[in-house]
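Quick notes on the structure that follows.
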Amino acid sequence: MRFRLLMIAAGYEDGNDADTLRGDPMFKMALDLSPSDRELCSQPTISRLEKPARRARSAAPGPRHGGSLCESFHQVPGRITLDIDDTFDAVHGGQQLRLFNAHYD
Numbered sequence: 507m508r509f510r511l512l513m514i515a516a517g518y519e520d521g522n523d524a525d526t527l528r529g530d531p532m533f534k535m536a537l538d539l540s541p542s543d544r545e546l547c548s549q550p551t552i553s554r555l556e557k558p559a560r561r562a563r564s565a566a567p568g569p570r571h572g573g574s575l576c577e578s579f580h581q582v583p584g585r586i587t588l589d590i591d592d593t594f595d596a597v598h599g600g601q602q603l604r605l606f607n608a609h610y611d
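Heads up: the sequence shown runs through residues 507 to 611, numbered per this note's numbering.
Here you go:
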């Protein structure tokens, strides 16, 4: 838990970075370990910590949220496309192609 909190404080938002950082001497020393001590927890351990398995999560969210979506239309369209991009790509300033979406070219 402390390792994950340190990762977030250092700017590593994703648990995916745990595999790279688990042997980092600075993180080990911040957790009162010496650089030669055991490695810290891995990315799968971080994922299990953040998202414990629950039966309720295995249910599809569609039926719960679909009704309110359809109610927002005067006439429900025959087809609704949800374009969800869950990737995070931080850009700063006026970089070229910052609004580029690979799906729509």
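Backbone N, C-alpha and C define an ideal beta-carbon position, used for all residues, glycine too. Nothing here was measured: the structure is a model prediction, and the numbers come from that model.
Identity of the residue in the options nearest residue i by Cα
i: ALA536; options: MET507, ASP589, LEU588 and LEU555; result: MET507
i: ASP520; options: SER548, ASP538, GLN581 and MET532; result: SER548
i: ASN522; options: CYS576, PRO531, ASP538 and ARG510; result: ARG510
i: LEU527; options: THR551, LEU546 and LEU575; result: LEU546
i: SER542; options: THR587, ILE586, ASP530 and PHE579; result: ASP530
Secondary structure of residue i, DSSP reduced to three states
i: GLU577; result: helix
i: SER548; result: coil
i: LYS534; result: helix
i: ILE514; result: helix
i: THR612; result: No answer is possible for residue 612: the residues shown for the chain start at 507 and end at 611.
i: GLY678; result: One cannot answer for residue 678 here, as it falls past the ends of the chain, which runs 507 to 611.
i: SER542; result: coil
Any chain C beta carbon closer than 9 Å to residue i
i: ASP538; result: Here chain C cannot be found, since the structure has a single protein chain.
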